[in-house]
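Protein chains in written order, with UniProt numbering: chain A, 1 to 184; chain B, 1 to 184.
The C-beta atom is built at its ideal place from N, Cα and C for all residues, glycine as well.
2 protein chains.
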Amino acid sequence: MEEIQKILARNLKAIREKEKLSLEKVSELSGVSKAMIGQIERGDSSPTITTIWKIANGLKVSFTTLINVPQPDAKVVLRSEIQVLSEDNGRYKVFPIFPFQENKRFEIYSVEIEPEGNLNSVGHRDGGEEFITVFDGEVIITVNDCNYNLKNGDSIRFKADRPHTYYNSGDRLTRLSMTIYYPD
Amino acid sequence: MEEIQKILARNLKAIREKEKLSLEKVSELSGVSKAMIGQIERGDSSPTITTIWKIANGLKVSFTTLINVPQPDAKVVLRSEIQVLSEDNGRYKVFPIFPFQENKRFEIYSVEIEPEGNLNSVGHRDGGEEFITVFDGEVIITVNDCNYNLKNGDSIRFKADRPHTYYNSGDRLTRLSMTIYYPD
DNA sequence: TCTATTTGTATGCTATAATGTATAAAAAGG
DNA sequence: CCTTTTTATACATTATAGCATACAAATAGA
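Put into structure tokens, the structure is as follows:
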């Protein structure tokens, strides 16, 4: 029995218990036999993707809910705790706030750019996407040679797996929130 | 043949072509037979979770990469386009920037709170989690009766499926970035 | 153009997923 | 406590996943 089967078994059983459903009920909801639901929960069988799909749909949960592992409560990150990363002679500063987590697939930064400060990025991992909101100042973001002029309060999302740049075109500090999503 | 099989077929074939791998090579990397890889790509078979796990690991991609559907490039959201939601007699304003997307599982807002403005939340959907960073002013966030005093540049993440409140304890506008994650 | 190599597909066989049914065990109700 | 109902598991059968092998088709190189 593979580890992934155990994970699936635990998650399915946990969901079923939490919702207070019998094997019979899950069977009705999903269109998968009661005996098969039981086999899966005991880790006695490695179900096909079609079967899992039916179960996920029947229980109205996602695949990842069935194949991932759980985590804990509130956590504060003070600015003083953050190890800042500088580029462009200190004119571009990145504050890594919430690191990447495998089961969430995103990480969060805040960014500060001094006037005329800039950063060129060759692009991140495949399929990555950035979500940026301007909280102070202004910025010109270039993606695939397209310039996007953003003012205070504006936002942009773009595919981050290609060359892109950030440039503070104003005369005061620019501050951005940055959420980077990775599909894998 | 189920729809999920077609999706899987398309994604696997796309990855293989992109990486310029032969069926033989994917077979070596994953430990799944060449014939089976071919069957999966043609949608001729509904593989078990163990088989998909092996393929995902062999190709170093996630499950979601194999079972999800692709999207387009950069998109700008100007502040003027955002429909603001107000609470507490206008002292608490929410700007929905990037709406929830099923395949990413998070949504992004910015929030503005006037001095003494506050909001009580009974909690969102099960397992939801909030990631907040202060970009201006200060805020007291309460989660499970615990108060967290955050200053400019500080951040917090907390389980959002329980009662929580936001209160501007300062004497000027507070601005927050808010990323809400939902497991399903 | 021809030959050798690589690649994808077809086929038959084995292993196992998935089911329906029977039954033992657990839970609910009087 | 006893009886009925519900629930989970065992078992036999059917369908199909997964594999090894052969071969046709496509590609690469001389």
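The three-state secondary structure of LYS159(B), taken from DSSP, is strand.
Looking from the CA of ILE132(A), the closest CA among CYS146(A), ASP145(A), GLU116(A) and ASN152(A) belongs to ASN152(A). Secondary structure of GLU114(A) (DSSP, three-state): coil. Per DSSP, the continuous alpha helix (DSSP H) segment holding LYS54(B) begins and ends at 49-59.
Within the segment 62-98 of chain B, the complete alpha helix (DSSP H) runs of at least 4 residues fall at 63-67. Linking THR174(B) to GLU138(A) through their CA atoms gives a straight-line distance of about 19 Å.
Within chain A, the residues PHE131, SER155 and ARG157 have their CB atoms less than 8 Å from the CB of PHE98(B), given in chain order.
Taking 8 Å as the threshold, the shortest C-beta distance from ILE108(A) to chain B falls below it. Cβ contact annotation for VAL77(B) (same chain, cutoff 8 Å, sequence separation greater than five): ILE97 and PHE98, in chain order.
Taking SER155(B) as the centre and dropping the five residues before and after it, the same chain places the C-beta of PHE131, ILE132, THR133 and VAL134 closer than 8 Å to its C-beta, in chain order. Nearest CB-CB separation between GLN83(A) and chain B: not below the 8 Å threshold.
Against chain A, the beta carbon of VAL139(B) has no neighbour under 7 Å; the closest one sits roughly 12 Å away. Identification of residues in the UniProt domain "HTH cro/C1-type" (12-66) of chain A having a C-beta nearer than 7 Å to some C-beta of chain B yields SER46, PRO47, THR48, ILE49, THR50, ILE52, TRP53, VAL61, SER62, PHE63, THR64 and THR65, given in sequence order.
Between the alpha carbons of ILE37(B) and ARG10(A) lies a distance of about 28 Å.
When rounded, the separation of the alpha-carbon atoms in PRO115(B) and ASN147(B) is 17 Å.
Residue contact check for THR179(A) against chain B: a CB pair falls below 8 Å. Comparing alpha-carbon positions, the option among SER169(B), GLU3(B) and LEU8(B) lying closest to THR65(B) turns out to be LEU8(B). Under the three-state reduction of DSSP, ASN144(A) is assigned to coil, being neither helix nor strand. Contact annotation, ASP88(B) with LEU119(B): C-beta distance approximately 6 Å; criterion of less than 8 Å satisfied. Against chain A, the CB of ALA9(B) has no partner CB under 8 Å away; the residue lies outside that interface.
For ARG175(A), the enclosing beta strand (DSSP E) stretches over residues 174-181. Put simply, the backbone Cα of THR48(A) is about 12 Å away from that of GLU2(B).
For GLU24(A), no beta strand (DSSP E) run applies; the uninterrupted alpha helix (DSSP H) run containing it begins and ends at 23-30, by DSSP. Within the model, the alpha-carbon separation for THR50(A) versus SER110(A) is close to 41 Å. In the three-state reduction of the DSSP assignment, GLU19(A) falls in the coil class, being assigned neither a helical nor a strand state. For GLU41(B), the enclosing alpha helix (DSSP H) begins and ends at 34-41. The beta carbons of GLY123(A) and ARG157(A) sit about 15 Å from each other, so the pair does not count as a contact at 8 Å. When the beta-carbon positions are compared, ILE113(B) and ASN149(B) stay at least 8 Å from each other. Put simply, the backbone Cα of GLU24(A) is about 5 Å away from that of LYS34(A). Counting every other CB atom within 10 Å of its CB across the protein chains shown gives VAL94(A) a total of 16 or more, marking it as buried.
Under the Cβ distance rule, ARG91(B) does not count among the residues neighbouring chain A, no pair being separated by less than 8 Å. Taking C-beta atoms as the reference points, VAL26(A) and LYS54(A) fail to come closer than 8 Å. For the options GLY117(A), GLU19(A) and TYR181(A), the alpha carbon positioned closest to that of GLY170(A) is the one of GLY117(A). In this structure, PHE63(A) keeps its C-beta atom at 8 Å or more from the C-beta atom of PHE100(B).
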